[in-house]
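First residue of the sequence shown? That's 31 in the numbering used here, and the numbers climb one at a time after it. All C-beta atoms in this analysis are idealised placements derived from N, C-alpha and C, irrespective of residue type, glycine included. Just so you know, these numbers come straight off a predicted model, no measurement behind them. Here the structure is laid out as structure tokens; the discussion comes afterwards.
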Amino acid sequence: MNARPCETCGGARLKPEALAVRVHGKSVTDTTAMSVKEALHFFGSLPLSPQQAEIARRILKEIVERLRFLTDVGLDYLSLDRTAASLSGGEAQRIRLATQIGSSLVGVLYILDEPSIGCHQRDNTQLLNTLRRLRDLGNTVLVVEHDRDAILCADHVIDMGPGAGVHGGYVVAQGRPPRSSRTPTR
Numbered sequence: 031m032n033a034r035p036c037e038t039c040g041g042a043r044l045k046p047e048a049l050a051v052r053v054h055g056k057s058v059t060d061t062t063a064m065s066v067k068e069a070l071h072f073f074g075s076l077p078l079s080p081q082q083a084e085i086a087r088r089i090l091k092e093i094v095e096r097l098r099f100l101t102d103v104g105l106d107y108l109s110l111d112r113t114a115a116s117l118s119g120g121e122a123q124r125i126r127l128a129t130q131i132g133s134s135l136v137g138v139l140y141i142l143d144e145p146s147i148g149c150h151q152r153d154n155t156q157l158l159n160t161l162r163r164l165r166d167l168g169n170t171v172l173v174v175e176h177d178r179d180a181i182l183c184a185d186h187v188i189d190m191g192p193g194a195g196v197h198g199g200y201v202v203a204q205g206r207p208p209r210s211s212r213t214p215t216r
């Protein structure tokens with residue numbers, strides 16, 4: 031298969047009429063080429079008249095909230111036009127997590143497999159705060175994790191072992207991590 035961009039739209043995958051619509055000089059493709067962080071700043075600081083602000087209020091609120099969810103799980107560096115196939119497993123998992131946070135479901139069991147993999151320490155703190163927020167909404171959050179900060183933030187830890195693979199599968203220890211060493215909520 032030979033993929034090449036459309037000669038009419040230049041690979042934007044939109045009709046010329048859609049590409050002609052601009053918000054503060056930016057087209058849809060211009061905004062999706064931004065990182066989540068850049069888009070959050072752009073949509074959060076649009077210079078609008080009072081009438082324009084009232085017209086755009088609900089849609090801007092939704093856009094900004096969804097961008098904040100992605101920021102909260104440490105994905106503010108991703109561009110909005112990034113293809114799903116180019117995401118790492120951890121990035122895809124955190125996008126699904128951000129989607130779930132946006133739905134505000136209650137009574138759900140979330141099972142996450144090492145969500146902190148690839149996270150910078152600052153992003154890891156945001157991720158842990160997000161997991162706490164999901165728990166505080168009334169959900170159960172089960173996390174398979176090796177990250178020390180994530181383990182110390184847990185309400186209950188079950189340590190499996192004593193080794194990996196065929197040498198594991200037994201409960202080695204369980205209980206609450208020591209309170210004095212738990213990472214504070216920021």
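By the C-beta density criterion, residue 160 is buried, having at least 16 other C-beta atoms within 10 angstroms. In the displayed model, residue 61 falls within a helix according to three-state DSSP.
Between the alpha carbons of residue 199 and residue 122 lies a gap of roughly 27 Å. The beta-carbon separation of residue 66 and residue 100, rounded to 5 Å, stays under the 8 Å limit for a contact.
Residues 86 of the same chain have their beta carbon placed closer than 8 Å to that of residue 78, with the five preceding and five following residues left out of the count. Note on geometry: alpha-carbon atoms of residue 138 and residue 171 lie some 8 Å from one another. In the pairwise beta carbon analysis, the segment 171–189 is classified as touching the segment 127–141: at least three pairs are separated by under 8 Å.
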